[in-house]
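This report refers to the structure that appears directly beneath it.
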Amino acid sequence: MLIPAYSLSDEIQEEIIRQMIQFTKQLNVVGLVNAQFAIRKEKIFILEVNPRASRTVPFVSKATGNQLAKIAAKVMIGIPLSEQNIKSSYKPNFFSVKGPVFPFNKFPDTDPILGPEMKSTGEVMGTGESFGEAYIKSQYGAGISIPDKGNVFISVREPDKSDKLIKIANFLTNNNFEIVATKGTADYLRENNINCSYINKVHEGQPHIVDLIKDKKINLVINTTEGKQSIEESFSIRAEAVISGITYYTSLEAALATIESFDFLGTINVNKLQNYLETDG
Numbered sequence: 050m051l052i053p054a055y056s057l058s059d060e061i062q063e064e065i066i067r068q069m070i071q072f073t074k075q076l077n078v079v080g081l082v083n084a085q086f087a088i089r090k091e092k093i094f095i096l097e098v099n100p101r102a103s104r105t106v107p108f109v110s111k112a113t114g115n116q117l118a119k120i121a122a123k124v125m126i127g128i129p130l131s132e133q134n135i136k137s138s139y140k141p142n143f144f145s146v147k148g149p150v151f152p153f154n155k156f157p158d159t160d161p162i163l164g165p166e167m168k169s170t171g172e173v174m175g176t177g178e179s180f181g182e183a184y185i186k187s188q189y190g191a192g193i194s195i196p197d198k199g200n201v202f203i204s205v206r207e208p209d210k211s212d213k214l215i216k217i218a219n220f221l222t223n224n225n226f227e228i229v230a231t232k233g234t235a236d237y238l239r240e241n242n243i244n245c246s247y248i249n250k251v252h253e254g255q256p257h258i259v260d261l262i263k264d265k266k267i268n269l270v271i272n273t274t275e276g277k278q279s280i281e282e283s284f285s286i287r288a289e290a291v292i293s294g295i296t297y298y299t300s301l302e303a304a305l306a307t308i309e310s311f312d313f314l315g316t317i318n319v320n321k322l323q324n325y326l327e328t329d330g
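All you need for this note's numbering is the position in the sequence shown, starting with 1, plus 49.
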């Protein structure tokens, strides 16, 4: 979770606010409301609206400096926002990222690939003047180590052979990484003038990618997959990465967020949350 929104256009954000105002008025809700929206190709889809608080309230309260539960309780007993000196809308000038903490290192037989079910056992918060700074702090807080050089293994599903992948691969090759990829991904990268070496999938015979991970020859894994068979075939890659303590990403979005934070590797500026809020005014 990220505050404020980083990749959504102003138009999309304004439309979501407009829709939420309509929902709350139609439902006659007084107090906190939480909603889930999905954005696809600039189209807004509403997933659910709940007339209650959610577990994101503590994070939002910290990220904005507003005690939302207290504010909502006062509204529910008839004290309007205007009398509480609360702005009807607020957008901080710093970034806060809420990141999950996963227990996969304690359960090596569990597939770390993510789905709709909740697998995290905790959360951390990173705050910074930029998205990259806030994101890297959240990763460090979750115990994730991000290498600044070495060998990166890339194997992606067909829809992910895209401009996003090229952007990631170009960044890595320009920043002290060498790419190792499975055949389909390697062919795509080479077609786009990106140097990489080829490695077998597990079922294609040795030497394969799991061998390289076990031999400590891989420093970072980017592996996206879809379909039951493909997910099962790539399980050993993710499992061995967990056992070996290698950072892995199962979506291009996570990998993109990480490369945006590379400027802050090893140069974290430690600051109090209160200082950000005071500067924000």
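Each residue gets a CB set at the ideal place from its N, CA and C atoms; glycine is no exception.
- Of the residues E240, N77 and Q62, the one whose Cα lies closest to the Cα of N99 is N77.
- The DSSP assignment places complete alpha helix (DSSP H) segments of no fewer than 4 residues inside the region 241 to 323 at 258 to 263, 277 to 282, 284 to 292 and 301 to 308, in order along the chain.
- Around the beta carbon of F94, fewer than 16 other beta carbons sit within 10 angstroms, so the residue counts as exposed.
- Within a 10 Å sphere around the beta-carbon of T170 sit fewer than 16 other beta-carbons, which makes this residue exposed.
- With respect to the 8 Å criterion, F180 and Y55 are classified as neighbours on the basis of their beta carbons.
- The beta carbon of S246 lies closer than 6 Å to those of V229 in the same chain, with the five residues before and after it left out.
- DSSP places F72 in the uninterrupted alpha helix (DSSP H) bounded by D59 to L76.
- Measuring C-alpha to C-alpha distances from F143 to each of L51, E275, A303 and R101 identifies L51 as the nearest.
- Only residues of its own chain outside the window of five on either side were considered, and among them I215, A218, N219, T222 and I228 have a CB closer than 8 Å to the CB of I243, listed in chain order.
- A contact between stretches requires three or more CB pairs, one per stretch, nearer than 8 Å, and the region 85 to 94 fails this requirement with the region 107 to 119.
- Of the other Cβ atoms in all chains shown, 16 or more fall within 10 Å of the Cβ of G177; this residue is therefore buried.
- Around the C-beta of E240, fewer than 16 other C-beta atoms lie within 10 Å, and the residue is accordingly described as exposed.
- Taking a 10 Å sphere around the C-beta of D197, we find fewer than 16 other C-beta atoms and assign the residue as exposed.
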